[in-house]
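Just below is one structure, and these are the notes that go with it.
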Amino acid sequence: MQLRLWLLVSAQLAVLRGSSALLQTPASVTAQTNQTVMLSCEAKTSPTNSRIYWLRQCLAPSANSHYEFLAFWDLTKGTVYGKEVEQERLTVLRDSFRYTLGLQSVKPSDSGAYFCMTVGNPDLTFGKGTQLTVVDVLPTTPQPTKKTTRKKKVLRFPNLVTRKGLQRRARLRFLKQ
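Residue numbers (mature numbering (1 follows the signal peptide of the UniProt record, and there is no 0)): -21 to -1, 1 to 156.
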């Protein structure tokens, strides 16, 4: 409990400009409900205490916003989860200097800004964050409207010469009979 409280207070006091020491990707992602989302944090140097913490900022940055401690990855303990975190929906993986947070079966309440962080002495180092937006239906890209072209009507006038010629032939045949 004390670690969690310390992390939350420290995160509130830290400057959230992000650091080039932690490269967090993607910058933003929109996912549909029940999809799986993977967020990545690459440490450019070895973290001093071998722990990468994952936090979620629940509201837009303001005096009322707060951070929720999700989990951290430790070299000896593996993944350590925060209190009240649904462990079956959250995974933390490590591959060399890359740490990945996996969120399974996301829901709209999972929306927020996700940050990776290391704790140094005395500094906190944050990634630049990933804005996750979870929606029930993904927006579609509007397709350009195709202009329909009408077929031109061709007006046909009766060929008077041909009609007169037919009439004359018909009259001649009639007279011959």
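Beta carbons are placed, not taken as given, at the ideal position from N, Cα and C, and that holds for glycine.
Nearest neighbour of residue i, chosen from the options [CA to CA]
i, options, result
"PRO118", "THR12, TYR46, THR70 and LEU103", "THR12"
"VAL114", "PRO87, GLY106, GLY99 and THR120", "PRO87"
"LEU1", "LYS131, ALA92, PHE76 and LYS130", "PHE76"
"PRO5", "LEU49, GLY108 and ASP74", "GLY108"
"ARG30", "LEU72, THR112, ARG68 and VAL85", "LEU72"
"LYS62", "ARG68, ASP53, LEU49 and LEU54", "LEU49"
"ASP53", "ARG68, ASP74, VAL85 and ASN43", "ASP74"
"THR9", "THR112, THR124 and THR128", "THR112"
Nearest-angstrom Cα separation, counted from residue j out to residue i
i, j, result
"GLN66", "PRO121", "38 angstroms"
"GLY106", "SER7", "13 angstroms"
"THR15", "LYS126", "40 angstroms"
"SER90", "GLN83", "13 angstroms"
"LEU34", "CYS95", "6 angstroms"
"TYR93", "LYS130", "56 angstroms"
"VAL98", "TYR32", "8 angstroms"
"THR79", "THR70", "8 angstroms"
"TYR46", "GLN110", "14 angstroms"
"LEU103", "ALA22", "13 angstroms"
DSSP state of residue i mapped onto helix, strand, coil
i, result
"GLN66", "helix"
"ASP89", "helix"
"ALA30", "Residue 30 is actually Arg in this sequence, not Ala. Reduced to three states, the DSSP call for ARG30 is coil."
"ARG35", "strand"
"LEU117", "coil"
"SER7", "strand"
"THR79", "strand"
"ALA22", "strand"
"LEU2", "strand"
"LEU54", "coil"
"THR128", "coil"
"THR15", "coil"
Contact check, residue i vs residue j, beta carbons under 7 angstroms
i, j, result
"VAL59", "PHE51", "yes"
"GLN3", "CYS20", "yes"
"GLY81", "MET17", "yes"
Beta strand (DSSP E) segment containing residue i, residue limits
i, result
"THR58", "57 to 60"
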